[in-house]
Amino acid sequence: MRNLLDATAELAAEYLDGAATRPVAQPVTLGSMVAALGPELPDHGVDPQQVIEDLARDADPGLVVTNAGRYFGFVEGGVLPAALAADWLTSAWDQNPGFFALSPAAAAAEEISRTWLCELLGLPVSCSAGFTTGAQMANFAGLAAGRQAVLEAAGWDVEEQGLFGAPPVTVVVGRERHATIDRALRFLGIGRAQLHVVDADAQGRMRVDELAANFPGGPVIVCAQAGNVNTGAFDPVAEICELAAGKNAWVHVDGAFGLWAAASPALRHLTAGVGRADSFATDGHKWLNVPYDCGIVLCARPEAHRAAMRLSADYLARGERQGSDWTPESSRRARAFAVFAALRSLGRQGVAQLVERSCAQARAVADALAPDFEVLNDVVLNQVLLRAGTDERTRAVAAAVQASGSTWFGTTSWQGRAAIRISVSDHATDDASIGVLVEALRKASR
Ligand SMILES: Cc1ncc(COP(=O)(O)O)c(C=O)c1O
Numbered sequence: 005m006r007n008l009l010d011a012t013a014e015l016a017a018e019y020l021d022g023a024a025t026r027p028v029a030q031p032v033t034l035g036s037m038v039a040a041l042g043p044e045l046p047d048h049g050v051d052p053q054q055v056i057e058d059l060a061r062d063a064d065p066g067l068v069v070t071n072a073g074r075y076f077g078f079v080e081g082g083v084l085p086a087a088l089a090a091d092w093l094t095s096a097w098d099q100n101p102g103f104f105a106l107s108p109a110a111a112a113a114e115e116i117s118r119t120w121l122c123e124l125l126g127l128p129v130s131c132s133a134g135f136t137t138g139a140q141m142a143n144f145a146g147l148a149a150g151r152q153a154v155l156e157a158a159g160w161d162v163e164e165q166g167l168f169g170a171p172p173v174t175v176v177v178g179r180e181r182h183a184t185i186d187r188a189l190r191f192l193g194i195g196r197a198q199l200h201v202v203d204a205d206a207q208g209r210m211r212v213d214e215l216a217a218n219f220p221g222g223p224v225i226v227c228a229q230a231g232n233v234n235t236g237a238f239d240p241v242a243e244i245c246e247l248a249a250g251k252n253a254w255v256h257v258d259g260a261f262g263l264w265a266a267a268s269p270a271l272r273h274l275t276a277g278v279g280r281a282d283s284f285a286t287d288g289h290k291w292l293n294v295p296y297d298c299g300i301v302l303c304a305r306p307e308a309h310r311a312a313m314r315l316s317a318d319y320l321a322r323g324e325r326q327g328s329d330w331t332p333e334s335s336r337r338a339r340a341f342a343v344f345a346a347l348r349s350l351g352r353q354g355v356a357q358l359v360e361r362s363c364a365q366a367r368a369v370a371d372a373l374a375p376d377f378e379v380l381n382d383v384v385l386n387q388v389l390l391r392a393g394t395d396e397r398t399r400a401v402a403a404a405v406q407a408s409g410s411t412w413f414g415t416t417s418w419q420g421r422a423a424i425r426i427s428v429s430d431h432a433t434d435d436a437s438i439g440v441l442v443e444a445l446r447k448a449s450r
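The opening residue of the sequence shown carries number 5 in this note's numbering; numbering runs sequentially from there.
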């Protein structure tokens with residue numbers, strides 16, 4: 005085992021050393037990758053060291069370098085050293101945080117991370133926390149808690165009676181909500197017909213004046229967004245909470261990356277009012293730069309959170325912190341070790357600096373490219389939307405940069421027009437990486 009782990013550490017270090025200079029992505033196909041990895045199941049096992057050497061060599065052309073500073077697609081964090089190392093230990097320890105008896109250490113890491121996250125994200129310290137695969141399932145868990153609470157207030161026990169015959173729940177969403185909200189609601193038995201879609205302004209923020217003019221009655225869940233996936237804009241959460249107060253309404257905040265603005269004194273104002281909401285979804289694997297998979301659901305009403313998620317059976321001994329009370333999974337990865345390590349290695353100031361640096365870099369990109377490109381959004385966070393003339397030209401510029409391998413970003417359509425999407429959320433992004441991005445865009449545009 006020791007030889008294998010030493011050799012694997014060497015392979016990992018070699019990969020990371022080379023990541024700074026290799027192409028961000030290479031033109032491969034699924035077929036070529038399957039062929040390279042070897043699709044045939046061997047009759048007899050292969051020596052572990054051989055398996056790992058072959059894997060490292062054969063997977064290499066299909067690896068997308070998202071953690072070396074030059075990747076600006078989707079919203080992808082890199083990997084902090086302490087988080088990566090803790091993640092390795094997590095695998096070596098093979099802990100299951102679903103049940104206290106299976107890992108008091110993982111329970112402690114979850115408990116400490118919970119309190120640190122509440123402080124950093126400006127949430128009540130009494131919030132419950134679950135460590136999920138990502139913001140998708142964090143949204144699911146938060147919305148499940150909301151469904152439980154608003155139906156209970158309407159005299160309906162959804163855990164006992166299910167949804168058939170339940171009072172209808174209306175879910176208020178902004179027009180520019182993230183796609184994972186719709187999918188989470190679908191999992192919860194809430195379809196499109198139950199959505200009350202509120203228009204968004206030019207930055208994608210929910211139009212609170214429209215909501216005020218027409219706030220639905222009955223059991224209501226309001227989904228606010230902290231950080232639009234294209235523009236980085238924040239819904240006016242304080243005003244939304246004000247409107248929801250006193251009604252049978254639950255406010256859920258999808259803050260997959262945007263909630264981290266609260267960790268910076270300079271940016272905290274963007275999240276004003278968030279602490280008044282009921283549930284929150286965020287990611288560890290985006291701006292906190294822990295390895296995939298790590299999302300976090302936090303809930304200001306732990307009793308509703310637990311009622312929606314809890315798991316019990318005679319053989320499942322209950323302990324001081326039952327991890328499975330807070331997530332949709334039973335057994336799962338001990339994700340909080342990496343969260344704990346990332347937060348401890350950064351400290352309060354390090355988290356703030358990480359967030360502020362990404363935002364400053366996003367602004368620098370917009371400023372540097374403004375003469376040649378149209379900047380479509382107010383760059384308030386880490387997202388920049390650019391346009392290079394027509395739709396066709398914009399997509400062609402993006403394709404040329406993607407093909408160059410020097411850097412990578414995606415495209416989107418913003419208010420009916422094609423746009424280049426730049427997202428800055430890797431701790432490894434430095435001035436040189438921003439220079440590569442700006443130069444690649446200028447060159448492709450020329
Ligand atoms: C606002 C928002 N919500 C939810 C998600 C989904 O996150 P994940 O892919 O971690 O499930 C994203 C991903 O970019 C997002 O930006």
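Heads up, the beta-carbon is just placed ideally off N, CA and C, and yes, glycines get one too.
Under the three-state reduction of DSSP, which class applies to residue i: helix, strand or coil?
i: PHE284; result: strand
i: ARG336; result: coil
i: PHE76; result: coil
i: SER107; result: coil
i: GLY22; result: helix
i: TRP291; result: coil
i: VAL401; result: helix
i: VAL204; result: Per the sequence shown, the amino acid found at residue 204 is Ala instead of Val. Residue state, collapsed to three classes: strand.
i: SER328; result: helix
i: SER427; result: strand
i: ILE225; result: strand
i: VAL388; result: strand
i: ARG450; result: coil
i: PHE219; result: coil
i: ARG322; result: coil
i: ASN422; result: In the sequence on display, residue 422 carries Ala and not Asn. ALA422: strand per DSSP, three-state reduction.
i: MET313; result: helix
i: ALA253; result: strand
Starting from residue i, trace the alpha helix (DSSP H) in both directions and tell me its first and last residue.
i: SER417; result: Looking at the DSSP string, SER417 is not in any alpha helix (DSSP H); the run it does join, the beta strand (DSSP E), is 414-418.
i: THR184; result: 183-191
i: LEU302; result: Looking at the DSSP string, LEU302 is not in any alpha helix (DSSP H); the run it does join, the beta strand (DSSP E), is 299-303.
i: LEU59; result: 52-63
i: THR94; result: 85-97
i: LEU380; result: First-last for LEU380: undefined, no H or E at that position.
i: PHE144; result: 139-157
i: HIS48; result: From DSSP, HIS48 is part of no alpha helix (DSSP H); its letter is neither H nor E.
i: ILE244; result: 241-248
Within 10 angstroms of the Cβ of residue i, are there 16 or more other Cβ atoms? Answer buried if so, exposed if not.
i: VAL32; result: exposed
i: SER95; result: exposed
i: SER132; result: buried
i: GLY102; result: buried
i: GLN326; result: buried
i: TRP97; result: exposed
i: MET210; result: buried
i: ASP282; result: buried
i: GLU324; result: exposed
For the beta strand (DSSP E) holding residue i, just list the boundary residues, first then last.
i: SER130; result: From DSSP, SER130 is part of no beta strand (DSSP E); its letter is neither H nor E.
i: GLY259; result: GLY259 -> no beta strand (DSSP E), and no H or E assigned at all.
i: GLY35; result: No beta strand (DSSP E) contains GLY35, which is instead part of the alpha helix (DSSP H) from 34-41.
i: GLY178; result: 174-178
So, residue i versus residue j, is the Cβ gap smaller than 8 Å?
i: VAL201; j: VAL226; result: no
i: ALA308; j: GLN152; result: yes
i: ALA366; j: ASN386; result: yes
i: PRO295; j: VAL28; result: no
i: ALA423; j: LEU389; result: yes
i: GLY259; j: GLY231; result: yes
i: GLN198; j: ASP382; result: no
i: PHE344; j: ALA113; result: yes
i: VAL129; j: THR119; result: yes
i: GLN229; j: ARG187; result: no
i: CYS303; j: ALA111; result: no
i: LEU41; j: ALA63; result: yes
i: ALA237; j: VAL359; result: no
i: GLY81; j: GLY299; result: no
i: LEU441; j: PHE168; result: no
i: ALA346; j: ALA39; result: no
i: ASP395; j: ARG421; result: yes
i: GLN53; j: ALA11; result: yes
i: PRO171; j: GLY222; result: yes
i: GLU2; j: ALA317; result: It is not possible to answer for residue 2, since the shown part of the chain is limited to 5 through 450.
i: SER335; j: SER429; result: no
i: GLY277; j: ALA242; result: yes
i: ALA90; j: ALA432; result: no
i: VAL454; j: LEU147; result: Absent from the model: residue 454. The displayed extent of the chain is 5 to 450, so no value can be given.
i: GLY263; j: LEU125; result: The sequence given here has Leu at residue 263, not Gly. Yes, these two residues count as a Cβ contact at 8 Å.
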